[in-house]
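Note sheet for the following structure.
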Amino acid sequence: MLNGYLPEDKRSPWEGLKPKKTEPVSQKRRAFTEREAKVVLEKTKERHGKFPDDFDVSLLLAVSGLRLEEAAKLKVEDCTDQGKVVWLHIKEAKTEAGKRRVPVVDPAVVQVLKDRLEDRNGEDWLFPALKARSYNKRSHTLSQRLGRTLRLIVKDKSVVASHSWRHRARTLLEQGDVNPWISDWLMGHSRPGEGLNRYSKGPSDQQLIDAIKHIVLPE
């Protein structure tokens with residue numbers, strides 16, 4: 187518009203200059219409460235006959251803090267049985283920091299892993315019923331099933347089937363006064379400070395075992 191007049195095409199010069207729409211703030215994810223965690227495991231166990239890997243994967247998530255895809259992609263060769271401890275070697279991860287060794291010490295889950303290692307039937311995968319489909323992720327359909335089961339129990343959208351286990355694991359580590367840099371290692375988070383990442387070899391096996399003892403199954 188010039189001197190109060192519209193241009194010849196009668197279009198407003200301000201057309202299309204609307205303020206940008208603000209993106210909705212995503213809801214912050216939270217950890218399971220202990221009651222929610224217990225009921226989620228119970229509901230998942232009910233489907234054990236039809237989906238034999240779902241419950242065992244959920245048990246592993248509950249005591250390890252692993253990402254769902256990290257657990258789904260575990261191979262038999264990635265597991266080292268040392269009696270009361272089974273070590274998981276995460277070789278493929280979302281980030282470089284995610285490549286790590288994680289101990290499993292909960293007796294019930296250790297036994298689940300031992301049974302799978304003994305009864306492998308020639309399978310390379312620790313959880314062979316999972317198949318890589320959409321996005322080449324072995325956890326894709328599992329994530330959908332766990333999500334549907336979760337919504338039968340928890341309506342709060344800030345609770346996410348697999349990731350809320352990781353939030354719970356981090357919370358239990360904090361409540362156990364575990365050193366944050368050891369927690370970062372277990373969770374596969376990068377550590378602040380270039381020097382730490384470049385020169386440190388990480389926590390000792392005993393430090394990892396002592397830390398992971400705080401991540402227990404819900405009672």
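So the sequence shown is numbered by my numbering: it starts at 187 and just counts up by one. All C-beta atoms in this analysis are idealised placements derived from N, C-alpha and C, irrespective of residue type, glycine included. Please read these numbers as outputs of a predicted model, since none were measured by experiment.
Nearest neighbour of residue i, chosen from the options [CA to CA]
| i | options | result |
| --- | --- | --- |
| Ile276 | Leu372, Arg354 and Phe218 | Leu372 |
| Ala141 | Ala318, Arg216, Ser390 and Ser244 | Lying before the first or after the last residue shown, residue 141 is absent from the chain, which here runs from 187 to 405. |
| Val226 | Val345, Gln268 and Lys317 | Val345 |
Separation of residue j from residue i, as counted between CA atoms
| i | j | result |
| --- | --- | --- |
| Ala355 | Gly251 | 5 Å |
| Ile398 | Arg286 | 14 Å |
| Asp143 | Ser348 | A query on residue 143 cannot be resolved here, the shown segment of the chain reaching from 187 to 405 and no further. |
| His353 | Arg216 | 6 Å |
| Arg334 | Thr230 | 10 Å |
Cβ-Cβ separation, residue j to residue i (assumed contact under 8 Å), whole Å
| i | j | result |
| --- | --- | --- |
| Leu254 | Ser325 | 5 Å |
| Ala315 | Phe218 | Contact doesn't hold; Cβ gap of about 24 Å is too wide. |
| Asp240 | Arg233 | 6 Å |
Pair within 8 Å by beta-carbon distance, residue i and residue j
| i | j | result |
| --- | --- | --- |
| Glu256 | Ala283 | no |
| Val249 | Leu403 | yes |
| Asp310 | Lys259 | no |
| Val298 | Lys270 | no |
| Ser376 | Thr281 | yes |
| Asp267 | Phe313 | no |
Close beta carbons around residue i, own chain, < 6 Å, minus the five adjacent residues each side
| i | result |
| --- | --- |
| Glu209 | With a pLDDT of only 41 at Glu209, under 50, the local geometry of the prediction cannot be trusted, and the value read off the model is given with reservation. Taken in chain order, the list of residues that qualify is empty. |
| Ser369 | Leu359 |
| Lys224 | Pro404 |
Own chain partners of residue i with C-beta closer than 8 Å, once the 5 adjacent residues on each side are dropped
| i | result |
| --- | --- |
| Val211 | Because Val211 carries a pLDDT of 41, less than 50, the predicted location of this residue cannot be relied on, and the following value inherits that uncertainty. Counting only Cβ-Cβ distances below 8 Å, and skipping sequence neighbours, we find nothing. |
| Gly388 | Arg286 and Trp371 |
heavy atom of the ligand NAD below 7 Å from residue i C-beta
| i | result |
| --- | --- |
| Arg306 | What this structure holds is no ligand at all, so the ligand NAD is not there to describe. |
Residues of its chain near residue i, where Cβ-Cβ distance is below 7 Å and the 5 sequence neighbours each way are ignored
| i | result |
| --- | --- |
| Pro292 | A quick correction: the sequence has Asp, not Pro, at residue 292. Excluding positions up to five away in sequence, the list reads Val249, Val402 and Leu403. |
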